[in-house]
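Trainee: Before anything else, here's the structure in question.
Number of protein chains: 2
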Amino acid sequence: MVIIGELINSTRKKIKEAMQNKDAEFIKTLAVKQDEAGADFIDVNAGAFVTDELEKLEWAINVVQGVTKKPLAIDSPRVEAMEMGLKLHKNGKPMLNSITRESDRWKQVFPLAVENNVLVLGLCIDDNGIPDEADDRVKIAEQIINDLTKAGKKIEDIAIDPLTTPISVNTNFGLVVIDTIKGVKKNFPGVKLITGLSNISYGLPARKQVNRAFMASCIVNGLDGALIDPLDPIMMSIIFATEAILNKDPYCGNYLKAYRKGIVVKE
Amino acid sequence: MVIIGELINSTRKKIKEAMQNKDAEFIKTLAVKQDEAGADFIDVNAGAFVTDELEKLEWAINVVQGVTKKPLAIDSPRVEAMEMGLKLHKNGKPMLNSITRESDRWKQVFPLAVENNVLVLGLCIDDNGIPDEADDRVKIAEQIINDLTKAGKKIEDIAIDPLTTPISVNTNFGLVVIDTIKGVKKNFPGVKLITGLSNISYGLPARKQVNRAFMASCIVNGLDGALIDPLDPIMMSIIFATEAILNKDPYCGNYLKAYRKGIVVKE
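Written out as structure tokens, the structure is:
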């Protein structure tokens, strides 16, 4: 599983304050903690700043890169922010989070995704919004994948987000995500399926439990990665355990290693 | 999900001692706690007593029935113990745990399973033992189901245990259980699939995490019930959450009700 640590996101109040006040220690601590907890990418988002997103994102990227060698997920809807993020990026191959099939954004971000050595995350949205049905989400995913590969993008550098939407809004949305994962995997087994899965529990109590159950449910159906809070040790434990159960972890080696590191926990 | 509370089992040291010493309070407390935590059946097993299983089982069944109205799972390999257990049983339809396709046991237990109003749990074992492959387990299950239904047993009173064996022994055993569940469900959608899933984690550290991940993985693939420790609130939370995710819980009603009762917990 590819774990993207989601915590440094300006839509969270404390992060916005830290970015506002240039509280580097707060951001550094979260970066290091997510790194140590097993995150493969550290997401950095300053999108809550409407007028000075670029300045805040530049500061945050530099702060995070000062304390971790993990690659970043450059998280913005704005092409200028992505472009700057990619230029500032130092360690390994970054993730571009994200591109959609909306005409305007597609035209702007597509060249960035193709011309840079990045893992691009494509969201199942087009000019009509987020489809309610899995089949329609799969169609958007296939458009994104076909256009990117035709332009020379390697299949292993493409990720699709089936788009997790809350079961409190529509109790079928869990199955829609699962069916979208299966649908995309069927025709494009080399493409990674990655989602920000905590949206599933929006509007419900005890959200962590729904997120954990959804994680296992999605891994069983082919999910390759997720934006999560890696500081939830039970979530991390369930990820390693599910991979061992599905025989994706020879001799349960990764599970045992994670246990010795304290990433998999007893309770 | 059908939850069978597994804790009153004489293979557990403290239970054996309590049965030995006729410590009714200890057994009562465990029965009540499992009932309150959401168990649908309370398993009672005195099989660790080789010479006086019947006497110990009789005592335990009466103690448990003194404090809960939940039906029991009469848990023994011995036909005499099952027969006595069924006679003592008071509340609702009990579970017979269990029957196998081994010739000797089959001949003895088959009449009991057919002639009584019980939910019978059939294990995928025959005279050659537990098959390593899912296809062979499915074949045994189908023999059990066909023989029982031909003798007039209703399909909804038949449960099959795919038999959970440890991934520390063979890393494919998680998938074998999943594939057995899917295989039996395909031809017999009315049969319940129920397993004692904590065996999956035998020999690994942090067993609870593996059990939780396995629970979600099995529910996604059609598991209907499990023998578990219902006093693990995270396990119970994940069960309710998984059913909500799979759109088996209209308006997340059961999930919300379980949250209000304290069965689904926040952390």
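One line per chain: the protein sequences are A and B, in this order.
Per the working numbering, residue 86 is the first one in the first sequence, and the count goes up by one each step.
Per the working numbering, residue 86 is the first one in the second sequence, and the count goes up by one each step.
Using N, Cα and C, we set each Cβ at its ideal position, and we do this for glycine too.
Note down, in chain order, every chain B residue with its Cβ under 7 angstroms from the Cβ of Gly259/A.
Mentor: Here residue 259/A is taken as the residue at index 174 of the first sequence, counted from 1. Under the 7 angstroms cutoff, chain B gives Ile330, Leu331, Asn332.
Trainee: Closer than 8 angstroms, CB to CB, is Cys209/B near chain A or not?
Mentor: Within the second sequence, the letter at position 124 stands for residue 209/B. So, not an interface residue.
Trainee: So, under 8 angstroms CB-CB, Leu282/A and Met300/A are touching, yes? Tell me the CB distance rounded to an integer number of Å.
Mentor: Against the first sequence, residue 282/A aligns to sequence position 197. Against the first sequence, residue 300/A aligns to sequence position 215. Yes, they are in contact, since the Cβ atoms of Leu282/A and Met300/A sit about 6 angstroms apart, within 8 angstroms.
Trainee: Nearest to Asn94/B by alpha carbon, out of Glu138/B, Trp191/B, Thr327/B, Glu165/B?
Mentor: Your numbering for residue 94/B matches position 9 in the second sequence. Per the Cα distances, Glu138/B.
Trainee: Distance cutoff 8 angstroms, beta carbons only. Does Val87/A sit that close to anything in chain B?
Mentor: In the first sequence, the residue the question calls residue 87/A occupies position 2. It does not; no Cβ of chain B falls within 8 angstroms.
Trainee: Inspect the beta-carbon positions of Arg297/B and Ile266/B and report whether they are closer than 8 angstroms.
Mentor: Numbered from 1 along the second sequence, position 212 holds the residue referred to as residue 297/B. Numbered from 1 along the second sequence, position 181 holds the residue referred to as residue 266/B. Taking 8 angstroms as the Cβ cut-off, Arg297/B and Ile266/B do not qualify as a contacting pair.
Trainee: Cβ closer than 7 angstroms: which chain A residues qualify as neighbours of Thr280/B?
Mentor: Translated into the one-based positions of the second sequence, residue 280/B becomes position 195. Going along chain A, no residue has its Cβ under 7 angstroms from Thr280/B, so there is no contact; the nearest lies around 13 angstroms.
Trainee: Buried or exposed: where does Gly268/B fall if 16 or more other Cβ atoms within 10 Å of its Cβ makes it buried?
Mentor: Counted from its first residue, the second sequence places residue 268/B at position 183. Label assigned to Gly268/B: buried.
Trainee: In whole angstroms, what is the alpha-carbon distance linking Glu121/B and Leu197/B?
Mentor: On the second sequence, residue 121/B is found 36 positions in, with the first residue counted as 1. On the second sequence, residue 197/B is found 112 positions in, with the first residue counted as 1. Approximately 30 angstroms between the Cα atoms of the pair.
Trainee: Looking only at its own chain, which residues have a Cβ that is under 8 angstroms from the Cβ of Met167/B, when we skip the five neighbours before and after it?
Mentor: Your numbering for residue 167/B matches position 82 in the second sequence. The residues are Ile159, Ser161, Leu181, Val194, Leu197.
Trainee: Answer with buried or exposed for Asp217/B, where buried requires no fewer than 16 other C-beta atoms within 10 angstroms of its C-beta.
Mentor: As a first step, residue 217/B is located in the second sequence; it is residue number 132 there, counting from the start. So Asp217/B ends up on the exposed side.
Trainee: So is Gly177/A buried or exposed if we call it buried at 16+ other beta carbons inside 10 Å?
Mentor: By 1-based counting over the first sequence, the position of residue 177/A is 92. Exposed, by the Cβ-count rule.
Trainee: Who are Asn231/B's beta bridge partners in DSSP?
Mentor: Here residue 231/B refers to the residue found at position 146 of the second sequence. Paired residue(s): none; Asn231/B is not in a bridge.
Trainee: Please state whether the Cβ-Cβ distance between Ala329/A and Val261/B is less than 8 angstroms.
Mentor: In the first sequence, the residue the question calls residue 329/A occupies position 244. In the second sequence, the residue the question calls residue 261/B occupies position 176. Contact flag unset, no.
Trainee: For Val129/A, which of Asp221/A, Ile243/A, Lys101/A, Asn106/A has the nearest alpha-carbon?
Mentor: As a position in the first sequence, residue 129/A is number 44, starting the count at 1. With distances taken between Cα atoms, Val129/A lies closest to Lys101/A.
Trainee: Kindly indicate the opening and closing residues of the alpha helix (DSSP H) around Leu142/A.
Mentor: Here residue 142/A corresponds to residue number 57 of the first sequence, with the count starting at 1. Run containing Leu142/A: 138–150, per the alpha helix (DSSP H) assignment.
Trainee: Between the C-alpha atoms of Asp317/A and Val350/A, what's the straight-line distance to the nearest angstrom?
Mentor: Taking the first sequence and counting its residues from 1, the one referred to as residue 317/A is at position 232. Taking the first sequence and counting its residues from 1, the one referred to as residue 350/A is at position 265. Using only the alpha carbons, I get a separation of about 10 angstroms.
Trainee: So, does the CB of Tyr287/B fall closer than 8 angstroms to a CB anywhere in chain A?
Mentor: In the second sequence, residue 287/B corresponds to position 202, counting from 1. So, not an interface residue.
Trainee: Quick one: complete beta strand (DSSP E) runs, 3+ long, within the segment 280–322 of chain B?
Mentor: 310–313, all fully within the segment 280–322 of chain B.
Trainee: For the alpha helix (DSSP H) that contains Val199/A, what are its first and last residues?
Mentor: Taking the first residue of the first sequence as position 1, residue 199/A is located at position 114. Residues 188–200.
Trainee: Leaving out five residues on either side along the sequence, give the residues of the same chain with a beta carbon under 8 angstroms from the beta carbon of Ile240/B.
Mentor: Counting from one through the second sequence, the residue named residue 240/B turns up at place 155. Same-chain partners within the cutoff: Ile230, Thr234, Phe273, Gly275, Val276.
Trainee: Run through DSSP, which three-state label would Val181/B get?
Mentor: Position 96 of the second sequence, counted from the first residue, corresponds to residue 181/B. The sequence shown places Leu at residue 181/B, not Val. In this structure, Leu181/B counts as strand in the three-state DSSP scheme.
Trainee: Is Lys113/A near Val87/A, with beta carbons less than 8 angstroms apart?
Mentor: Here residue 113/A refers to the residue found at position 28 of the first sequence. Here residue 87/A refers to the residue found at position 2 of the first sequence. Going by C-beta atoms, Lys113/A is not nearer than 8 angstroms to Val87/A.
Trainee: Along chain A, in chain order, which residues have C-beta atoms closer than 8 angstroms to that of Ala311/B?
Mentor: Here residue 311/B refers to the residue found at position 226 when the second sequence is read from its first residue. The premise fails here: Ala311/B is roughly 14 angstroms from chain A at the closest Cβ pair, so nothing lies under 8 angstroms.
Trainee: Under 8 angstroms, Cβ to Cβ, is there at least one residue of chain B near Ala298/A?
Mentor: Within the first sequence, numbered from 1, the residue matching residue 298/A stands at position 213. Yes, its Cβ sits closer than 8 angstroms to a Cβ of chain B.
Trainee: When burial is assigned at 16 or more other CB atoms within 10 Å of the CB, is Gln105/B buried or exposed?
Mentor: Walking along the second sequence from the start, residue 105/B turns up at place 20. Result: exposed.
Trainee: Taking DSSP as the reference, what is the three-state secondary structure of Ile215/B?
Mentor: Position 130 of the second sequence, counted from the first residue, corresponds to residue 215/B. Of the three classes helix, strand and coil, the one that applies to Ile215/B here is coil, per DSSP.
Trainee: Would you list the residues sitting across from Leu115/B in a DSSP beta bridge?
Mentor: Along the second sequence, one-based indexing puts residue 115/B at 30. DSSP lists no partner for Leu115/B.
Trainee: Tell me the DSSP secondary structure of Lys277/B in three-state form.
Mentor: If you number the second sequence from 1, residue 277/B lands on position 192. DSSP places Lys277/B in strand when its eight states are reduced to three.
Trainee: Consult DSSP for Gly132/A and reduce its assignment to one of helix, strand or coil.
Mentor: On the first sequence, position 47 is the one that residue 132/A refers to. Reduced to three states, the DSSP call for Gly132/A is coil.
Trainee: Note the first and the last residue of the continuous beta strand (DSSP E) segment covering Ile88/B.
Mentor: Counted from its first residue, the second sequence places residue 88/B at position 3. Segment 87–90, the beta strand (DSSP E) holding Ile88/B.
Trainee: State the beta-bridge partners of Phe126/B as determined by DSSP.
Mentor: As a first step, residue 126/B must be located in the second sequence, where it is residue number 41. Paired residue(s): Ile89/B.
Trainee: How would you write the range of the beta strand (DSSP E) that Ala158/A sits in, first residue to last?
Mentor: Sequence index remark: in the first sequence, residue 158/A carries index 73 (1-based). 157–160 is the extent of the beta strand (DSSP E) around Ala158/A.
Trainee: Give me the subset of the segment 116–145 of chain B whose CB atoms are less than 9 angstroms from a CB atom of chain A, sorted by chain position.
Mentor: Going along the segment 116–145 of chain B in chain order, one finds no residue with a Cβ nearer than 9 angstroms to chain A.
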